[in-house]
Amino acid sequence: MPTLSIAERNDPIIRVRGLVTRFGSQTIHDGLDLDVMRGEVLGVVGGSGSGKTVLLRTIIGLDKPAAGSVEVLGHDVLDMPDTERQVLEKRCGVLFQDGALFSSMTVAENIEFALRENLDMPQELMEAIAALKIGLVGLPEDAAEKLPAQLSGGMRKRAALARALALDPEILFLDEPTSGLDPIAADGFDTLIEDLHGSLGLTVFMVTHDLDTLFTICDRIAVLVDKIVHVGTPEQLLRDAHPWIRAYLRGPRGRAAQEVGRQQRSLLGQPLLDGAL
Ligand SMILES: Nc1ncnc2c1ncn2[C@@H]1O[C@H](COP(=O)(O)OP(=O)(O)OP(=O)(O)O)[C@@H](O)[C@H]1O
Ligand SMILES: [Mg+2]
0 MPTLSIAERN DPIIRVRGLV TRFGSQTIHD GLDLDVMRGE VLGVVGGSGS GKTVLLRTII
60 GLDKPAAGSV EVLGHDVLDM PDTERQVLEK RCGVLFQDGA LFSSMTVAEN IEFALRENLD
120 MPQELMEAIA ALKIGLVGLP EDAAEKLPAQ LSGGMRKRAA LARALALDPE ILFLDEPTSG
180 LDPIAADGFD TLIEDLHGSL GLTVFMVTHD LDTLFTICDR IAVLVDKIVH VGTPEQLLRD
240 AHPWIRAYLR GPRGRAAQEV GRQQRSLLGQ PLLDGAL
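Quick note on numbering: the sequence shown equals residues 0 to 276 in numbering that gives the first Met the number 0.
Below, the structure is given as structure tokens:
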């Protein structure tokens, strides 16, 4: 976990205001406001189809909203020249929900592809960087030469993360990074994200269904309900009266996850959640 408090890091690196997103007659977001602070891990939750992936895609400029403003690292994402967009893209790493690695390329080639697209550097240097990223995400050296199909689900997620980290981003966007993993692999992935966040000083925007992840590694949680977000620390959201949030965080799974979070924080000597178990 980071050593700075939220207040000390009171510097929005992402600022979303009055966001309205529509697909045909369907309104997904309706006047959504959100700040993501530099250096925090923000967990984004909400029901299936509530618009979490669309929010992530809108923030990185892939989906165009009907109204509102989106600023990332001081850039107006909705109105910027292509050259500026390319610079911004280098500063943001993304792990999409489907993890999509190129299936015909090895893990190393997948990482090198991201480097080649954005930087002009000799092949040897790209290979060295790919090897470094593979080590960084805890994959064995020989994973470099494997195709995605030759890896386990957990290893594939790590490989996709290595690719997202190829350009040393400041912000890491993760969409359901632990979905489909068994609980032990999911815990391992959480620990990896937490370690990377601590050692690289990353800001992490993470869409997740995993309550253990929320209570263990997230500084704040944004819950997408009624087309807007309710944002707060886990403690604050445990007191939120919205029925979906209550049912989600304080249902049996939520209570079990709070206990996991308590134990982990206690082991790490961090403040305990004071939520109602
Ligand atoms: N390109 C698109 N065209 C039309 N509708 C879309 C498009 N992308 C998303 N939607 C719709 O927007 C809504 C929100 O989708 P989104 O993928 O953001 O949900 P989500 O919260 O990420 O759900 P899940 O937890 O299942 O991943 C859904 O109803 C989806 O069908
Ligand atoms: Mg989604």
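Where a beta carbon is used, it is the ideal one built from N, C-alpha and C, also for glycine.
- In this structure, the CA atom of Tyr247 is about 16 Å from the CA atom of Arg219.
- The DSSP-derived three-state label of His196 is helix.
- Shortest gap from the CB of Thr52 to any heavy atom of ligand 2: under 7 Å.
- Going by DSSP, Asp181 is part of no beta strand (DSSP E) at all; its letter is neither H nor E.
- In the three-state reduction of the DSSP assignment, Thr215 falls in the helix class, which pools H, G and I.
- For Phe22, no alpha helix (DSSP H) segment is defined; the enclosing uninterrupted segment is the beta strand (DSSP E) at Pro11 to Phe22.
- Taking the CA atoms as reference points, Val53 sits about 17 Å from Ile170.
- Measuring C-alpha to C-alpha distances from Arg90 to each of Ile59, Glu108, Ala99 and Gln96 identifies Ile59 as the nearest.
- Taken through DSSP and simplified to helix, strand or coil, Val86 comes out as helix.
- Counting the other Cβ atoms within 10 Å of the Cβ of Asp225 gives fewer than 16, which makes it exposed.
- Taking the C-beta atoms as reference points, Leu173 is found nearer than 8 Å to Met205.
- Distances from the alpha-carbon of Gln85 to those of Ser102, Thr232 and Leu118 put Leu118 closest.
- Of Glu83, Val230, Val19 and Glu88, the smallest CA-CA separation from Lys63 is found for Val19.
- Listed in chain order, the beta strand (DSSP E) runs fully inside the region 89–138 are 91–94, counting runs of at least 3 residues.
- Taking a cut-off of 8 Å for Cβ pairs, the region 145–164 and the region 173–182 touch, as three or more such pairs fall below it.
- Checking the 7 Å criterion, the Cβ of Val44 is out of range of every heavy atom belonging to ligand 2.
- Counting along the chain, no beta strand (DSSP E) covers Gly152; the unbroken alpha helix (DSSP H) around it starts and ends at Gly152 to Ala163.
- Contact annotation: Ala143 and Ala130 have beta-carbon atoms nearer than 8 Å.
- Each residue's CA atom was taken as its position, placing Ala185 and Glu175 some 11 Å apart.
- Here the C-alpha atom of Asp194 lies approximately 12 Å from the C-alpha atom of Val203.
- Annotated three-state conformation of Ser68 is strand, per DSSP.
- Rounded to whole angstroms, the gap between the alpha carbons of Gly30 and Gly152 is 37 Å.
- Here Leu54 carries a helix assignment [DSSP, helix/strand/coil].
- Of the residues Ala65, Met125 and Glu70, the one whose Cα lies closest to the Cα of Phe22 is Ala65.
- When rounded, the separation of the alpha-carbon atoms in Leu124 and Val136 is 19 Å.
- Residue environment for Gly42: buried (at least 16 other C-beta atoms within 10 angstroms of its C-beta).
- In this structure, the straight-line span from the alpha carbon of Asp97 to that of Leu160 is close to 12 Å.
- Residue side-chain check: Phe204 keeps its Cβ at 7 Å or more from all non-hydrogen atoms of ligand 1.
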